[in-house]
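Protein chains in written order, with my numbering: chain A, 6 to 287; chain B, 37 to 91. Note sheet for the following structure.
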Amino acid sequence: MSRMHRHRLNAARLRPVIQLLAAAVCNGYAAGLAKGHLYSGRGKLLCLPVLNCYSCPAALGSCPVGALQTVAAGGRHRISFYALGILLLCGTLFGRLLCGFACPFGFLQDLLARIPLRKRNIPRKADRMLRYLKYAVLFFLVLLLPAVIRDDYGLGKPWFCKYLCPAGTLEAGIPHLLADPRLRALTGMLFSWKLTVLAALLLAAVRIPRCFCRYLCPLGAFYALCSRFSVHQITVQPDACSACGACASACPMGIDPAKGVNGAECIRCGKCKAACHTGAIR
Amino acid sequence: MIKNRKAGIGMKRNLMRMAGLTAGAVLIVLGIVRGEPAEIWEKAVRVCLECIGIG
């Protein structure tokens with residue numbers, strides 16, 4: 006085994022450690038978990054560039070998707086320049102590398118994908134259509150509906166958080182219900198729906214790796230738009246490629262890196278690099 | 037010819053990066069001036085029942 010191949014394997018092995026560290030940094034408020042209250046320090050002035058619910062008792066920062074909806078629903082402004090700016094800055098620097106290395110919900114899906122069950126191949130045409138769903142989620146549920154549909158007081162709703170976000174149910178909904186018996190009396194159809202969505206996505210992640218990231222994540226959709234020009238890129242050397250298909254088999258996002266990396270779907274996890282025996286992917 | 041095309045793509049990409057970084061920084065400053073971090077902080081320090089599917 007060449008030294009370069011060994012180095013790439015080590016980098017791929019290091020990724021779960023980085024993901025674990027990132028999840029711990031995003032959710033490092035242990036006192037919140039123990040006492041069941043939220044962190045209220047200055048850290049929450051900052052939007053973390055990953056999908057991590059700010060109502061989670063352990064969260065140390067704010068969720069950018071939640072922030073976009075909060076400002077749009079608040080009535081003073083239609084769009085959050087602040088959250089959008091942070092996303093644009095991070096997207097331009099890293100693209101979807103953040104999905105592959107820093108997102109706690111992505112990490113959870115990666116862990117579920119390790120369960121040794123046969124992975125399911127979605128038919129190419131359906132897969133291509135479904136991947137557009139995340140852009141619709143970003144545009145309608147995160148940007149448009151919270152700003153446009155308002156109640157009698159002029160306030161909107163956080164449509165994505167309320168009806169879809171599985172990270173919010175897992176990181177905030179369930180812990181708060183476990184910690185506070187009074188909240189359990191308030192649960193109804195909506196919470197049942199959100200639990201169903203969470204369960205469906207987690208079960209799907211076992212057979213379809215990163216299924217939420219592929220099809221539904223609005224943050225992934227935003228970073229996907231920045232991925233083509235982001236500073237962090239992966240290069241494929243066509244001359245060195247033997248077209249063995251090992252990279253495509255290793256890709257958790259179901260793309261063929263040999264036909265073009267750095268597109269909207271590549272999360273820069275580096276599994277293709279580790280799988281490549283000729284060193285064509287760098 | 038291929039070399040020229042690659043250089044063109046690289047230049048376009050660099051321009052997009054510069055535009056992305058500049059626009060991102062400008063938007064963050066505008067957001068801070070409009071008081072958005074405080075608005076987000078207020079929401080983030082209280083449990084949002086609506087956000088987690090309870091309210």
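Glycine residues also receive a C-beta, built at the ideal position from the N, C-alpha and C atoms. In this text the structure is predicted, and so the values were computed from the model without any measurement.
7 Å Cβ cutoff, residue i in contact with chain B
i: Ala72 (chain A); result: yes
i: Phe99 (chain A); result: no
i: Lys264 (chain A); result: no
i: Ser45 (chain A); result: yes
i: Leu89 (chain A); result: yes
i: Cys166 (chain A); result: yes
i: Val76 (chain A); result: yes
i: Gly79 (chain A); result: yes
i: Ser247 (chain A); result: no
i: Tyr34 (chain A); result: no
i: Pro163 (chain A); result: yes
i: Phe110 (chain A); result: no
i: Ala177 (chain A); result: yes
i: Leu65 (chain A); result: no
i: Lys49 (chain A); result: yes
i: Gly173 (chain A); result: yes
i: Thr201 (chain A); result: no
i: Leu195 (chain A); result: yes
i: Tyr137 (chain A); result: no
i: Phe86 (chain A); result: yes
Buried versus exposed, by CB contacts within 10 Å (16 or more), residue i
i: Ser197 (chain A); result: exposed
i: Asp156 (chain A); result: exposed
i: Pro243 (chain A); result: exposed
i: Asn50 (chain B); result: exposed
i: Gly225 (chain A); result: buried
i: Met194 (chain A); result: exposed
i: Met258 (chain A); result: buried
i: Ser247 (chain A); result: exposed
i: Ala28 (chain A); result: buried
i: Val241 (chain A); result: buried
i: Val65 (chain B); result: exposed
i: Ser1 (chain A); result: Given a span of 6 to 287 for chain A in the structure shown, any question on residue 1 (chain A) remains unanswerable.
i: Asn32 (chain A); result: buried
i: Pro214 (chain A); result: buried
i: Ala78 (chain A); result: buried
Residues of its chain near residue i, where Cβ-Cβ distance is below 8 Å and the 5 sequence neighbours each way are ignored
i: Arg20 (chain A); result: Gly105, Phe106, Cys274 and Gly275
i: Leu150 (chain A); result: Gly161, Lys162 and Trp164
i: Gly102 (chain A); result: It is worth fixing the name first, because residue 102 (chain A) is Leu in this sequence and not Gly. Counting only Cβ-Cβ distances below 8 Å, and skipping sequence neighbours, we find Ser235, His237, Ile272 and Arg273.
Inter-residue Cα distance where the pair is residue i and residue j
i: Tyr228 (chain A); j: Gly91 (chain B); result: 30 Å
i: Lys167 (chain A); j: Gly46 (chain B); result: 41 Å
i: Leu57 (chain B); j: Lys40 (chain A); result: 40 Å
i: Arg133 (chain A); j: Cys249 (chain A); result: 23 Å
i: Val81 (chain B); j: Leu26 (chain A); result: 23 Å
i: Leu51 (chain A); j: Gly268 (chain A); result: 28 Å
i: Tyr87 (chain A); j: Leu230 (chain A); result: 18 Å
i: Gly37 (chain A); j: Ala63 (chain A); result: 5 Å
i: Val153 (chain A); j: Lys79 (chain B); result: 19 Å
i: Glu72 (chain B); j: Ser67 (chain A); result: 12 Å
i: Ile68 (chain B); j: Ala251 (chain A); result: 47 Å
i: Ala285 (chain A); j: Ala17 (chain A); result: 16 Å
i: Leu63 (chain B); j: Gly90 (chain A); result: 5 Å
i: Gly80 (chain A); j: Leu56 (chain A); result: 24 Å
i: Ile84 (chain A); j: Ala72 (chain A); result: 10 Å
i: Val142 (chain A); j: Glu270 (chain A); result: 16 Å
i: Phe144 (chain A); j: Cys222 (chain A); result: 11 Å
i: Arg47 (chain A); j: Ile76 (chain B); result: 11 Å
i: Cys170 (chain A); j: Thr75 (chain A); result: 14 Å
i: Arg189 (chain A); j: Leu122 (chain A); result: 35 Å
i: Leu65 (chain A); j: Ala35 (chain A); result: 10 Å
i: Ala55 (chain B); j: Gly44 (chain B); result: 16 Å
Contacts around residue i, its chain only, beta-carbon distance under 6 Å, and the 5 residues preceding and following it disregarded
i: Val236 (chain A); result: Leu98
i: Asp261 (chain A); result: Ala253
i: Ala184 (chain A); result: Gly41
i: Pro180 (chain A); result: Pro62
Where residue i falls: helix, strand or coil (DSSP)
i: Ile286 (chain A); result: strand
i: Cys52 (chain A); result: strand
i: Ser254 (chain A); result: helix
i: Val241 (chain A); result: strand
i: Ser60 (chain A); result: coil
i: Ser247 (chain A); result: coil
i: Ser85 (chain A); result: coil
i: Ser45 (chain A); result: coil
i: Ser235 (chain A); result: coil
7 Å Cβ cutoff, residue i in contact with chain A
i: Ala43 (chain B); result: no
i: Met47 (chain B); result: no
Close Cβ partners of residue i (< 7 Å) along its chain, the five nearest in sequence each way excluded
i: Leu117 (chain A); result: Leu207, Ala210 and Val211
i: Tyr220 (chain A); result: Leu135, Arg136, Leu138 and Lys139
i: Lys199 (chain A); result: Thr174 and Gly178
i: Ile23 (chain A); result: Phe106
i: Cys95 (chain A); result: Pro54 and Leu103
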